[in-house]
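Going by our numbering, the sequence shown opens with residue -4, and the numbers climb by one from there. Beta carbons: idealized from backbone N, C-alpha and C, even for Gly. These numbers come from a predicted model, not from an experiment.
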Amino acid sequence: MTHKNNHTITILDESIAPGETKTINMEIAKLHTMTKLKIPIIVSRSKINGPVVLFSAGLHGDEINGTEIVRQLITKKVNQPKKGTIICIPIINIFGFVNQSREFPDGRDLNRVFPGSKNGSLASRFAYYLMKEIIPNVDYCVDFHSGGASRFNAAQIRIAPSNPELRALADIFQAPFTLFSKNIPNSFRNSCDKAGVKMLLFEGGKSQDINSSITVEGVEGAKRLLQHLGMLSDKLIASQRVTPTIPIEKSAWIRAKYSGLFHNHTEAGKLVEKGEELALITDPFGKVEHSVKAPHRGYIINSNHASIVYQGDAIYHISL
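Dropping the structure here:
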């Protein structure tokens, strides 16, 4: 198989030769205070030819659990490949990270403006340079995300349906769950797919939060993938999960039928039975209690951690 690791890799006019490790700072724009914002891109290459793998996080600036996973891949030297090249971008949306916000300062969701435009909005320009400078070098990508707002995702890999190659890679990653979901137009995943990059999208935890169990799932899954590709250092061991990943082809949201205080006692990842009580929704004054029950047997793959919910809010994501 021909990999993109051959010869010298060039990113933003900086060359990284085989056997070299280099941090390249991407500077596309400044804050309104004229402060420079640098996006570190850590590139580590073996002298031996092999695949190029990208580990990225922080596409949404408030999803910091993914950033922690990529940080640990660097500190534990998982990113030092036995062959090939590993590129780590712990924070793509550095603007959102600074502001603890999901979006860019222009209010746009970076994950909805790909492949971007050189002369477009601020978010669009970042998407453009990511696709122009990084992705042409990449064979495989794992992009780490978390649940939005207060919604906590069980550790899962998301892939497009009817893609046997991605399904095999998801089985190797061995997250607790593998969800089949169509690529969203103008998303990073969709653009990578069109560019021929094999992407696994990891979801786990919730925004503005670091969860140690989710972090372990992300780090160990990355190690399993690298081991499969022959890239994991001989000094490291990839643990194997006792149970295989659980495939979920269809799922649905359970929504709050009432507004009130939300007393959630069902964590993401649990298998629940039909009619099982998942939570209580109460008024603040001690007069009303509404039971939330599972509509059918299934796995809870997302659980809302909010203390207050409104009628219609998504409170659980359950497999069908």
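Of the listed residues the options, nearest to residue i (C-alpha basis)
i    : options                : result
V38  : I59, L54, I4, Y123     : I4
E262 : T80, I295, P131        : I295
R120 : Y305, M21, G191        : M21
S325 : K245, P242, L220, S246 : Residue coverage of the chain in this structure runs from -4 to 315, which leaves residue 325 outside it and unanswerable.
G143 : N299, Y305, S314       : N299
L315 : A251, K252, A247, R103 : A247
A150 : F172, A190, K17        : F172
E284 : K42, A301, A251        : A251
I232 : H260, K33, A217        : A217
K78  : R40, A12, L174         : R40
L174 : I249, K33, G264, N132  : G264
V192 : F183, A289, E198       : F183
V211 : I59, Q67, E9           : Q67
V287 : E268, G281, P279       : E268
Y124 : F109, E98, Y253        : F109
L195 : S176, N181, R153       : R153
I310 : G281, L273, R292       : L273
E244 : G200, S10, G293, I276  : G293
A118 : D138, I82, I23         : I23
T30  : V93, I59, M126, T18    : V93
E198 : E128, C187, I276, N297 : N297
L49  : P131, R97, S116, G111  : P131
P76  : N44, E9, N259, K127    : N44
D138 : Q203, T62, S208        : T62
Buried versus exposed, by CB contacts within 10 Å (16 or more), residue i
i    : result
A163 : exposed
I303 : exposed
L54  : buried
D229 : exposed
I179 : exposed
Q306 : exposed
G91  : buried
N114 : exposed
Q95  : exposed
K72  : exposed
L26  : exposed
T326 : This structure gives no information on residue 326, because the portion of the chain shown stretches from -4 to 315.
A52  : buried
T238 : exposed
L266 : exposed
Residue i Cβ short of 7 Å to the ligand COA heavy atom set
i   : result
N60 : Ligands displayed in this structure: none; no statement on the ligand COA is therefore possible.
Identified DSSP bridge partners for residue i
i    : result
N299 : R146
V304 : G255
S246 : S314
I129 : I129 is not bridged to any residue.
N20  : P35
F172 : Q151, I241
M194 : C136
A309 : R250
G200 : N148
G293 : V267
Boundaries (first-last residue) of the beta strand (DSSP E) holding residue i
i    : result
K288 : 284 to 288
I276 : 272 to 277
I6   : 4 to 6
Boundaries of the alpha helix (DSSP H) in which residue i is found, first to last residue
i    : result
A12  : First-last for A12: undefined, no H or E at that position.
E215 : 207 to 223
A165 : 159 to 168
K189 : 183 to 189
Could you name each continuous alpha helix (DSSP H) segment of 4 residues or more that falls completely within the segment 50 to 119, going from the start of the chain to the end? 59 to 70, 89 to 94
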